[in-house]
Each structure stands twice: as C-alpha cells, then as structure tokens.
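Visitor: The structure under discussion is supplied below as structure tokens; questions concerning it will follow.
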Amino acid sequence: MNEWLFFQGDTSLAPPNIPALILGILLSFLLGQTIGWVYMLTHVGLSYSRSFVNALVVTPVIVSLVMVVLSNNIVTAFGLMAVFAIVRFRNILRDTLDTSFILTSIFVGMACGTQKFSSALVGGCLTCALITYLWYTNFGSRHRYDVVLNLHWARPVIELPELSLLLDRHSRRIQLASQRTHEGYEGVDISFRLLLRDPSRVDDLVSELKALEGATQITTLKAEDESEL
287 MNEWLFFQGD TSLAPPNIPA LILGILLSFL LGQTIGWVYM LTHVGLSYSR
337 SFVNALVVTP VIVSLVMVVL SNNIVTAFGL MAVFAIVRFR NILRDTLDTS
387 FILTSIFVGM ACGTQKFSSA LVGGCLTCAL ITYLWYTNFG SRHRYDVVLN
437 LHWARPVIEL PELSLLLDRH SRRIQLASQR THEGYEGVDI SFRLLLRDPS
487 RVDDLVSELK ALEGATQITT LKAEDESEL
C-alpha cells in the first residue's frame, strides 16, 4: 500500500519524485519565512497585519505545490487559469490568509484530478501542518513596547534629560512618539512608547513620575501586540 501510494500513486507522464517534492516545500517554506521576517523588520506603516505575514510564508509553499502539479502540462495550466478567474471575480476575501486556504484547496483538487495522489497527500498534509504551526506560534505578531505614556512637562525643555533618566531606569527601549507645544501655553505635551524592564511595575513608574517636579497630567495606556485580528 505504501509503495503504491508514494511511488505509483501519481499516474502522470513524469514519475513522482517525493524527496524532491518535500525538499521543494521545505525550501519554499524557509524562503517564505525569510520574506516574512524581512517584512516584519522593515514595515513602518500603520496597516501591519499578522495575517499578511502568514500569507507571505504560506504562499511560496502553495505555489511550489502548484508548479509540481502542472509539470509542464499546458492543459492543466489553462485549467488553473480558469479556476483562478472564478475565485478572483466571484469572491471577495476579507482575510489575506484566506487566499492561502483557497490556493491549498485548489492544489489538492488539481492534484487529485490529475491523479497525482501522493503529491496531494504529502503537499496537503504539510501545508495544513504549516498553517497550524503559524497559528500555534502566533508567528507574525510584534511586541515592540508595553505602554504609551502621556504627560505634561511644565519645566523648560532643556531640563528633559532628567525625565529621560527616570524613564531609562524602568525601560529597555524608549520611543518619543510626539512632542507638542502651544503658543501661550506653558510647558510641552509629550508622548512616549516604552518597552519596560518589568511590565508589572507600571504603577511604580507612575508614582515616581508624579513625584518628579514638573511632570503633570500623567496617563498610561497599555499597548497591545501590533496585529490585526
């Protein structure tokens, strides 16, 4: 049974090469993760989506599987174009990762329809395992800071280093989000993004800020992971 499934299950003109199939899937997965990590590292816009990062990882694997099924068969290629046309014009996908599921379903259907049963089994199972891995590990989510700190600094701006020293004691990373001054309005409104050394000691940070001369109107907002649900 196993010999038939893995060595005789594909009844196409070209003999099946399961080791090459697995190698291609693993290589495309590693390259997809590389692309995903680069996107996570370099993305600076406001529309960051963990789902899109996951899609960047899954899509190369699925495309690799599709190319295995096509195997220089022009008839199968035209069939694939027709299927993609139906998906593109008759459905609007709200989630980027949904496209990967659609592509996986198309691949499995094409592999079974062209009697490449071993390719469908190995590729479909590995793709499902890949998507499960991305879900379980929460891959693509970013946590770059813990709290957003807003306060009014009533002292001269030149004395801000004293505030910075206090924040340095509690934070591993400090990002100045905004600094606003108003005509006829004494002081400056400042907003920081902080990655705390100990996130459970937010209250201690607030207490020290309240005791610091010139720091008033102190508010904190807990930051969530940068990810769209």
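Quick note: the sequence shown uses my numbering, first residue 287, plus one each step.
Virtual Cβ for every residue (Gly too), placed ideally from N, Cα, C.
Give the DSSP bridge partners of THR506, in chain order.
Guide: Locating residue 506 in the sequence shown gives position 220, counting from the first residue. Answer by DSSP bridge pairing, in chain order: LEU435.
Visitor: Please report the distance separating the alpha-carbon of SER405 from that of ILE304.
Guide: Counted from its first residue, the sequence shown places residue 405 at position 119. Counted from its first residue, the sequence shown places residue 304 at position 18. Looking at the two C-alpha atoms, the distance is approximately 8 Å.
Visitor: Which of helix, strand or coil does DSSP assign to ASP484?
Guide: Taking the sequence shown and counting its residues from 1, one reaches residue 484 at position 198. Three-state DSSP puts ASP484 in coil, outside helix and strand.
Visitor: For a test of the three-state rule: what should DSSP assign to GLU472, helix, strand or coil?
Guide: Numbered from 1 along the sequence shown, position 186 holds the residue referred to as residue 472. In this structure, GLU472 counts as strand in the three-state DSSP scheme.
Visitor: Using the three-state DSSP reduction, which class does PHE478 fall into: helix, strand or coil?
Guide: By 1-based counting over the sequence shown, the position of residue 478 is 192. Of the three classes helix, strand and coil, the one that applies to PHE478 here is strand, per DSSP.
Visitor: Can you give the Cα-Cα distance for GLY322 and GLU499, rounded to whole angstroms?
Guide: Indexing the sequence shown from 1 puts residue 322 at position 36. Indexing the sequence shown from 1 puts residue 499 at position 213. Taking the straight line joining both Cα atoms gives about 45 Å.
Visitor: On the CB-based measure, 16 or more other CB atoms within 10 Å of its CB, does ARG459 come out buried or exposed?
Guide: By one-based count along the sequence shown, residue 459 stands at place 173. The residue is exposed, with fewer than 16 neighbouring Cβ atoms inside 10 Å.
Visitor: Is the distance from the Cβ of ILE476 to the Cβ of GLN465 below 8 Å?
Guide: Residue mapping note: residue 476 aligns to position 190 of the sequence shown, counting from 1. Residue mapping note: residue 465 aligns to position 179 of the sequence shown, counting from 1. It is a contact, given that the beta carbons lie within the stated cut-off.
Visitor: Going by alpha carbons, who is nearest to HIS468 out of ALA440, LEU412, VAL492?
Guide: Position 182 of the sequence shown holds residue 468. Out of ALA440, LEU412, VAL492, ALA440 has the C-alpha closest to the C-alpha of HIS468.
Visitor: Is the segment 440 to 459 touching the segment 415 to 429 in the sense that three or more CB pairs, one from each, lie closer than 8 Å?
Guide: Segments in contact, no.
Visitor: Report all residues from its chain with a CB closer than 7 Å to the CB of LYS496; omit the five preceding and five following residues, and keep chain order.
Guide: Residue mapping note: residue 496 aligns to position 210 of the sequence shown, counting from 1. Excluding positions up to five away in sequence, the list reads ILE504.
Visitor: Could you name each continuous alpha helix (DSSP H) segment of 4 residues or more that falls completely within the segment 398 to 463, going from the start of the chain to the end?
Guide: Runs found: 403 to 423, 446 to 456.
Visitor: Are the CB atoms of LEU412 and ILE311 nearer to each other than 8 Å?
Guide: Along the sequence shown, read from residue 1 onward, the residue named residue 412 stands at position 126. Along the sequence shown, read from residue 1 onward, the residue named residue 311 stands at position 25. Yes, Cβ-Cβ distance for LEU412 and ILE311 is below 8 Å.
Visitor: Please classify PHE364 as buried or exposed, where buried requires at least 16 neighbouring CB atoms within 10 angstroms.
Guide: The count along the sequence shown starts at 1 and reaches residue 364 at position 78. Burial call: exposed.
Visitor: To the nearest angstrom, report how far apart GLY473 and VAL492 are at their CA atoms.
Guide: The residue you call residue 473 lines up with position 187 of the sequence shown. The residue you call residue 492 lines up with position 206 of the sequence shown. One C-alpha to the other measures close to 19 Å.
Visitor: From this set, CYS414, VAL408, PHE403, ARG479, which residue's C-alpha is nearest VAL434's C-alpha?
Guide: Sequence index remark: in the sequence shown, residue 434 carries index 148 (1-based). Comparing Cα-Cα distances from VAL434 to each of CYS414, VAL408, PHE403, ARG479, the minimum goes to ARG479.
Visitor: Have a look at VAL355, ASN340, LEU351, ILE444 and flag the residue whose alpha-carbon is nearest the alpha-carbon of THR418.
Guide: Taking the first residue of the sequence shown as 1, we reach residue 418 at position 132. Ranking VAL355, ASN340, LEU351, ILE444 by Cα distance to THR418 puts ASN340 first.
Visitor: Taking ASN436 as the reference, give the member of THR385, ARG487, VAL343, ALA463 with the closest Cα.
Guide: In the sequence shown, the residue the question calls residue 436 occupies position 150. Taking only the C-alpha atoms, the option nearest ASN436 is ALA463.
Visitor: Is the Cβ-Cβ distance between VAL482 and ASP432 less than 8 Å?
Guide: Locating residue 482 in the sequence shown gives position 196, counting from the first residue. Locating residue 432 in the sequence shown gives position 146, counting from the first residue. Before going on, a small fix: residue 482 reads as Leu here, not Val. Yes, they are a contact pair.
Visitor: Is LEU307 a contact residue of the ligand FMN, with contact defined as CB to any heavy atom under 7 Å?
Guide: In the structure shown, the ligand FMN is absent, as is every other ligand, since no ligand is present at all.
Visitor: Quick one: what's got a C-beta closer than 8 Å to PHE393's C-beta in the same chain, skipping five residues either side?
Guide: As a first step, residue 393 must be located in the sequence shown, where it is residue number 107. Same-chain partners within the cutoff: ILE348, LEU351, VAL352, VAL355, ALA406, GLY409, GLY410, THR413.
Visitor: Do THR345 and SER391 count as a contact pair if the criterion is CB distance below 8 Å?
Guide: Within the sequence shown, numbered from 1, the residue matching residue 391 stands at position 105. Within the sequence shown, numbered from 1, the residue matching residue 345 stands at position 59. No, Cβ-Cβ distance for SER391 and THR345 is not below 8 Å.
Visitor: If we ignore side chains and look at the alpha-carbon of each, how far apart do LEU449 and ARG336 end up?
Guide: Taking the sequence shown and counting its residues from 1, the one referred to as residue 449 is at position 163. Taking the sequence shown and counting its residues from 1, the one referred to as residue 336 is at position 50. If you take the alpha carbons of LEU449 and ARG336, they lie about 35 Å apart.
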